[in-house]
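What follows is a set of notes on a single structure, which appears directly below.
In our numbering, the protein residues as written are 17 to 346.
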């Protein structure tokens, strides 16, 4: 009897241990699943919604839109500040702007990243200086909860009051542009804006917006993803920007430092944004150490030179933007 009781006791003890192990494993798996879901949601949330190609398509569309409305529109180029016909100065006055009277935040975010409630990617202002009676009107193209919206301001005030644009067509067409869908030209219903853009590319134009978009002047780039792609696919590729960039994984480290690779140590590139310069580290090909701890050499390039080399033409911008859009965050 004593032996039988001992056996039963042992069975109960081992059963409890096994159950505890299963529970612990289940909790660990649950935490892992939660972490993966959170990471996936974060990656999806931070994915750029706007790029150079979409911005150029919107520019083509707005030229035709302005012609239909008999309006002359000036496009904000994303540099410095712009004084609008509605008396606002942007992007500074976004801090005072109200959207439909709400307390929603709004700000300039050139890639449409989720920094504000309304993330503005383009501004078009009615050029009315030559009119007998100036008409205040400014269009703001933005993303709200990851959805494209068009806001307008049509009153002069240093405390801007914005509202959604009247009529569904403008916002619907902006939505199509944001999703890379075909959009009909407002002036010619059976022709897409891409056909119009292709034709205009073959013609000389004095349009200021086109000149700004296609100029070879350097511009300010602060996005770590864009800077990283320029280093990874330019400086790390013998100074030649590759037009076939593989899917890159990006890791955020301390002190404004980042790493990129394509899944192996040999491809690893580290870089750090330091004011107007970028410090980066490439694996030393002359080192005898070819394993993970292989020696790295440090280099420094000015941000203006990096942009001039790899982000100064429409083709380069598109390559870098597309690669940045496909970055996986580690």
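Backbone N, C-alpha and C define an ideal beta-carbon position, used for all residues, glycine too.
Because the structure is a prediction, the values reported are computed rather than measured.
Open item on the list: Taking its Cβ as the centre, do 16 or more other Cβ atoms sit within 10 Å of residue 267, making it buried, or is it exposed?
Closed with: exposed
- [ ] Determine the direct distance from the alpha carbon of residue 124 to that of residue 325, and round the result to whole angstroms.
- [x] 26 Å
Task: Length of the line joining the Cα atoms of residue 274 and residue 286 - done: 6 Å
Task: Nearest candidate by alpha-carbon position, reference residue 313, set 322, 197 and 299 - done: 299
- [ ] With DSSP as the reference, label residue 189 as helix, strand or coil.
- [x] helix
Task: Straight-line Cα distance separating residue 144 from residue 272 - done: 44 Å
Open item on the list: Short of 6 Å in beta carbon distance, which residues of its chain neighbour residue 346, apart from the five on each side in sequence? Order them along the chain.
Closed with: 265 and 267
- [ ] Below 8 Å on the Cβ atoms is my guess for residue 75 versus residue 91; work out the distance and round it to an integer in Å.
- [x] 6 Å
Open item on the list: Can you tell me whether residue 148 is buried or exposed? The criterion is at least 16 other CB atoms within 10 Å of its CB, across all chains shown.
Closed with: exposed
- [ ] Kindly indicate which three-state DSSP category residue 338 falls into: helix, strand or coil?
- [x] helix
Open item on the list: I'd like to know if residue 285 contacts chain C, where contact means its C-beta is closer than 9 Å to some C-beta of that chain.
Closed with: Protein chains in the displayed structure number just one, and chain C is not present.
Open item on the list: Using the Cβ count rule (16 or more neighbours within 10 Å means buried), how would you classify residue 262?
Closed with: exposed
- [ ] Apply the 10 Å Cβ neighbour rule to residue 201 and answer buried if 16 or more other Cβ atoms are within range, or exposed otherwise.
- [x] buried
- [ ] For residue 289, write down the residues that DSSP places opposite it in a beta bridge.
- [x] 294
TODO: Return the CA-CA distance between residue 315 and residue 111, expressed in angstroms with no decimal places.
DONE: 39 Å
Task: Beta-carbon contacts of residue 245 that lie in its chain and below 6 Å, excluding the five residues immediately before and after - done: 336, 339 and 340
Open item on the list: Quick check: the Cα distance between residue 68 and residue 120, rounded to an integer number of angstroms?
Closed with: 27 Å
Task: Which residues DSSP lists as bridging residue 177, in chain order - done: 114
- [ ] Taking residue 273 as part of the beta strand (DSSP E), name the residues at either end of that continuous run.
- [x] 273–277
TODO: Go ahead and pull the three-state DSSP assignment for residue 243.
DONE: helix
Open item on the list: When you compare the CB positions of residue 89 and residue 132, do they come within less than 9 Å of one another, or not?
Closed with: no
TODO: Taking residue 317 as the reference, give the member of 332, 252 and 333 with the closest Cα.
DONE: 252
Task: Where residue 75 sits in the DSSP three-state scheme - done: helix
TODO: With distances taken Cα to Cα, identify the nearest neighbour of residue 151 among 157, 171 and 162.
DONE: 171
Task: Whole-Å CB distance - residue 126 paired with residue 115, under 8 Å assumed - done: About 19 Å; that fails the 8 Å criterion.
TODO: For the alpha helix (DSSP H) containing residue 323, list its first residue and its last residue.
DONE: 319–326
TODO: With a 10 Å radius around its C-beta and 16 neighbouring C-beta atoms as the bar for buried, classify residue 249 as buried or exposed.
DONE: buried
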